[in-house]
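In this text, residue positions in the sequence shown follow the UniProt record's numbering: the first is 1, and each later residue adds one. Where is the CB? At the ideal position from N, CA and C, for every residue including glycine. Structure record follows, encoded as structure tokens.
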Amino acid sequence: MSHKFLISSIQSYSTNINPLPIFLMAMKSLSFLAVLSLLALTLPLAIASDPSQLQDFCVSANTSANGVFVNGKFCKDPKLVTADDFFFSGLQTARPITSPVGSTVTAVNVNNLLGLNTLGISLVRIDYAVNGQNPPHTHPRATEILVVEQGTLLVGFVTSNPDNRLFSKVLNEGDVFVFPEGLIHFQANIGKAPAVAFAALSSQNPGVITIANTVFGANPAINPTILAKAFQLNPRVVMDLQTKFKK
1 MSHKFLISSI QSYSTNINPL PIFLMAMKSL SFLAVLSLLA LTLPLAIASD
51 PSQLQDFCVS ANTSANGVFV NGKFCKDPKL VTADDFFFSG LQTARPITSP
101 VGSTVTAVNV NNLLGLNTLG ISLVRIDYAV NGQNPPHTHP RATEILVVEQ
151 GTLLVGFVTS NPDNRLFSKV LNEGDVFVFP EGLIHFQANI GKAPAVAFAA
201 LSSQNPGVIT IANTVFGANP AINPTILAKA FQLNPRVVMD LQTKFKK
């Protein structure tokens, strides 16, 4: 078989193939790879934090008059915004402690500092009586960083299932501790005098779920049999706890 015959046969075979389907398949493969590449680049950014806002601020107006609805709040007309919308006063003052757990939490969030709307941050002051505590709770939308201003606190958080590891530390004045978003955490005053702490949270409205109040103070009440089995308690003990936490 001559070389001329082979070349002629290859050329003849090539001209009989429609290149369009091959081209389309190649383009589809490239498009698919391009989409995967974009997802790989954008997904970590999307998961890391809330999207960046498209304006300098969105002061909450709590009304639809002269405003637009953004992130659960109406925004004031920027022309009507003043410095007072970004101002809160009084956190230097100790709060009275009347709760049975021996602490008072004073929150500064979007509900009382309207300029926080869309900014993704808030603040609390926590006053602790002697032997008082901020009982086990969680913030479903925020990480918390706490600094002790006065006194000595035992603090900690517990990791999720199945490990349920406790990370705990004794904090003194000036010490800082971080509670990761969504994990159950607590603070307790183990000193001989009242204590004070301040905490920043990575949400304008972090939410709070106090474990005991939520479980035993649910409205309507959770069936005591369910809680008795979950906590391995006598149903009468559960009903007694529900009575204590009933709103």
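- When the five nearest sequence neighbours on each side are left out, the beta carbons in the same chain lying within less than 7 Å of the beta carbon of Ile209 are those of His137, Thr138, Pro140, in order along the chain.
- In this chain, the beta strand (DSSP E) harbouring Pro135 covers 133-138.
- By the criterion of a C-beta distance shorter than 6 Å, Leu123 is surrounded in its chain by Val108, Ala200, once the five residues flanking it on both sides are discounted.
- Cβ-Cβ separation between Gly132 and Val101: approximately 7 Å, consistent with a contact (criterion under 8 Å).
- Here Thr82 carries a coil assignment [DSSP, helix/strand/coil].
- Residue pairing of Val158 in beta bridges, as defined by DSSP: Leu166, Ile184.
- In the three-state DSSP reduction, Val238 falls in the helix class (H, G or I).
- Per DSSP, reduced to three states, the secondary structure at Thr106 is strand.
- Per DSSP, Ile211 is one residue of the alpha helix (DSSP H) stretching across 211-216.
- Here Lys79 is actually not in contact with Ser60; their C-beta atoms are around 16 Å apart, not less than 8 Å.
- The Cβ-Cβ distance between Leu233 and Val215 does not fall below 8 Å.
- Closest in C-alpha terms to Val155, from the list Ala197, Ile121, Asn213, comes Ala197.
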